[in-house]
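*Asks:* Residues 2 to 90 in the numbering used here are what the sequence shown lists, from first letter to last. C-beta: ideal position from N, C-alpha, C; glycine also. Quick caveat, the model's predicted, so the values are computed rather than measured. The structure is given below, and queries will be raised subsequently.
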Amino acid sequence: MRIQVTRSGGFLGAPRASVLETEGRPDAPHIHALAREALGACTRTPTFGVPDGFHYTISVDGRSPVHCAEPQLTDSQSDLIALVLAQGD
């Protein structure tokens with residue numbers, strides 16, 4: 002599974018993107034389950050939370066992207082975003 006997260010907005014407005022490839026990872030089943038749960042709570046249209054909050058676009062395996070924003074992130078969305086941004090390329 003290839004998960005891409007793009008973060009935009011925030012105080013500086015500088016976008017950041019990262020991609021995490023789960024193939025060969027021992028924690029891949031956990032990440033796949035986390036992604037399914039996180040994506041289920043996203044929307045197909047861009048979502049805007051609070052001023053200076055971050056907005057996220059998530060795409061899995063090249064499918065149509067979904068969107069979510071702070072402060073309405075679910076725990077699974079927050080965990081997935083943090084994982085991809087921290088460990089992805």
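#1: Quick one: what does DSSP say GLN88 is sitting in, helix, strand or coil?
#2: Suppose you measure from the CA of ASP90 to the CA of GLY54; what does that come to, to the nearest Å?
#3: Inspect the beta-carbon positions of PRO72 and GLY50 and report whether they are closer than 9 angstroms.
#4: Using a Cβ-Cβ cut-off of 7 angstroms (strictly less than) and excluding sequence neighbours within five positions of ASP80, which residues of its own chain qualify?
#5: I need the boundaries of the alpha helix (DSSP H) containing GLY41, first residue and last residue.
*Replies:* Let me lay it out:
#1: helix
#2: If you take the alpha carbons of ASP90 and GLY54, they lie about 23 angstroms apart.
#3: yes
#4: LEU35
#5: 29-41
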